[in-house]
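> Under the numbering used here, the residues of the sequence shown are numbered 7 to 110, in order.
Even for Gly, the Cβ is constructed at its ideal location relative to N, Cα and C.
Provided herewith is a single structure, encoded as structure tokens, for subsequent inquiry.
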Amino acid sequence: MPAIAVCWLADDPQPGIVLVELVDAHGRPHQLVGKSAYFGVGELLPTSPYPCPTSIQCLVEDINDDLATVKTADWLTGGPDHVPFVFDVYLDILVPTDHLPPII
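This is the structure:
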């Protein structure tokens with residue numbers, strides 16, 4: 007799912023932490039903070055020209071007409087219970103991926 011990497015937040019823990027934003031199908035903004043390897047295909051670096059386009063790997067949970075309910079992959083979760091983030095997005099913005107989760 008497409009997103010925008012807003013800024014590099016920290017070099018530690020490796021490989022570095024970035025702030026990523028997206029807007030869901032209902033117009034609600036969301037911010038995710040995580041290791042740079044969680045986003046895109048490893049293209050985010052401290053020297054990247056922020057803000058810059060990136061992507062968030064997700065799993066499609068449901069499709070209803072032109073909306074897809076997606077959840078973030080297991081390594082990008084929040085809260086003490088490590089719950090995946092869930093969003094409704096337009097189906098046409100999603101692209102298939104054959105990427106495997108990063109090993110960190």
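Taking C-alpha atoms, which residue in A11, T60 and V29 lies nearest to V95?
Checking every option, the nearest Cα to that of V95 belongs to V29.
> For H32, which residues from the same chain have a beta carbon less than 8 Å from its beta carbon, with the 5 sequence-adjacent residues on both sides left out?
The answer, listed in chain order, is D94.
> Go ahead and label L106 buried or exposed: buried means 16 or more other beta carbons lie within 10 angstroms of its beta carbon, across all protein chains shown.
Because L106 carries a pLDDT of 48, less than 50, the predicted location of this residue cannot be relied on, and no value is offered for it.
> Let me know the secondary structure DSSP gives Y56 once reduced to three states.
In the structure shown, Y56 sits in coil (DSSP, three-state: anything other than H, G, I, E or B).
> Give me the Cβ distance between I10 and T60, rounded to the nearest whole Å; I'm assuming they're in contact under 8 Å.
Right, their Cβ atoms sit about 7 Å apart.
> Please classify L100: does DSSP put it in a helix, a strand, or coil?
L100 falls in the coil class under three-state DSSP.
> Tell me, which residues are paired with Q37 by DSSP?
DSSP lists E27 as partners of Q37.
> Taking Cβ positions, are T78 and I62 nearer each other than 8 Å?
Yes, these two residues count as a Cβ contact at 8 Å.
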